[in-house]
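Residue numbers for the sequence shown, in the working numbering: 71 to 160.
For each residue, glycine too, the CB sits at the ideal point set by N, CA and C.
Predicted model only: the values in this text are computed from it and were never measured.
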Amino acid sequence: PKAGRWKVSAEISADQPAKLGIGIRQKPPVVAEIPATGDATSWRVIDFGELELPASEIVLQLKPLKEGWKGGPRLRRLWLAPATVASPAP
């Protein structure tokens, strides 16, 4: 309902390491290095960082990055959580 920053994480399995970006057309994607998890049944939660999203309906795009693409990771879940601003230490 409103624009803001979101923490992006995903549950992924991969036979080989790869780089994957998640984003929207108007902005550069946030990129994560996906480690090899072993096989199709070995899942791992990967943090992508934060993504700025507008206050409208959007389409998230998953983009393989050519320089780090060695195969297709499998995506099981994707999470978006509001990014919070940490309070400064006293």
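Since residue i is in the beta strand (DSSP E), which residue starts that stretch and which ends it?
i	result
R146	R144 to P152
When DSSP labels each residue in this structure, what does residue i get in the three-state scheme?
i	result
K72	coil
E137	helix
E108	Just to set this straight, residue 108 is Gly in the shown sequence, not Glu. Looking at G108 - three-state DSSP - the assignment turns out to be coil, as it is neither helix nor strand.
K77	strand
A102	strand
Q86	coil
I161	An answer regarding residue 161 cannot be provided, because it is not within the stretch 71 to 160 covered by the chain.
E127	coil
When you compare only the Cα positions, how much space is there between residue i and residue j?
i	j	result
E137	A73	31 angstroms
L132	I92	5 angstroms
R114	E120	18 angstroms
V129	A151	16 angstroms
D85	K97	29 angstroms
Apart from the five residues on each side of it in sequence, which residues of its chain come closer than 6 angstroms, Cβ to Cβ, to residue i?
i	result
S126	none
L148	A80
If I measure Cβ to Cβ from residue i and keep anything under 7 angstroms in the same chain, skipping five residues before and after, which residues do I get?
i	result
I116	S79, A80, I82, A102 and I104
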